[in-house]
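Colleague: Numbering (the working numbering), first residue to last: 3 to 88.
Think of the CB as a built atom: it goes at the ideal place given N, C-alpha and C, for glycine as much as any other residue.
A quick note: this is a predicted structure, and the numbers were derived from the prediction, not measured.
Let me begin by handing over the structure; questions about it come next.
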């Protein structure tokens, strides 16, 4: 379970970094969407790190929460990347 969350977190981190590089040339509405995604990123990052480092008791609710936020982030990143590519 920890490896799965860690892999998911690493994937999101790579997507986030790639988008940040392209945002400099992006329109304001794309930047706004990324800003909202950053709020979710900041919400999930400590939880994912705690799971990966085994510093928190892993509960089904915590894992569900991390997965839901991760899916939302992934969808946001995909939308942003698509808009940047247009």
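Assign residue 9 to buried or exposed, taking buried as 16 or more other Cβ atoms, counted over all protein chains shown, within 10 Å of its Cβ.
Modeller: Answer is exposed; the Cβ neighbour count stays below 16.
Colleague: For residue 64, which residues in the same chain have their Cβ closer than 8 Å to its Cβ, ignoring the five residues on either side in sequence?
Modeller: For residue 64, where only same-chain residues beyond five positions count, the Cβ hits under 8 Å are 49, 53 and 58.
Colleague: Checking 7 Å against the spacing of the C-beta atoms, do residue 35 and residue 71 come in under that value?
Modeller: For residue 35 and residue 71, no; Cβs fall outside 7 Å.
Colleague: With distance defined between alpha-carbon atoms, name the residue in 62, 6, 87 and 19 nearest to residue 39.
Modeller: Closest by alpha carbon: 19.
Colleague: Rounded to whole angstroms, what's the CA-CA distance from residue 32 to residue 73? Just pull it up for me.
Modeller: Straight-line Cα distance between these residues: approximately 19 Å.
Colleague: Go ahead and label residue 14 buried or exposed: buried means 16 or more other beta carbons lie within 10 angstroms of its beta carbon, across all protein chains shown.
Modeller: It is buried - the Cβ of residue 14 has at least 16 other Cβ atoms within 10 Å.
Colleague: Suppose the cutoff is 6 Å on Cβ atoms and the five residues either side in sequence are ignored; what does the same chain contact list for residue 85 look like?
Modeller: Excluding residues within five positions, the ones whose Cβ falls inside 6 Å are 32.
Colleague: In whole angstroms, give me the CA-to-CA distance for residue 1 and residue 75.
Modeller: Outside the shown range of the chain (3 to 88) lies residue 1, about which nothing can therefore be said.
Colleague: If you draw a straight line from the alpha carbon of residue 62 to that of residue 30, how long is it in whole angstroms?
Modeller: Looking at the two C-alpha atoms, the distance is approximately 38 Å.
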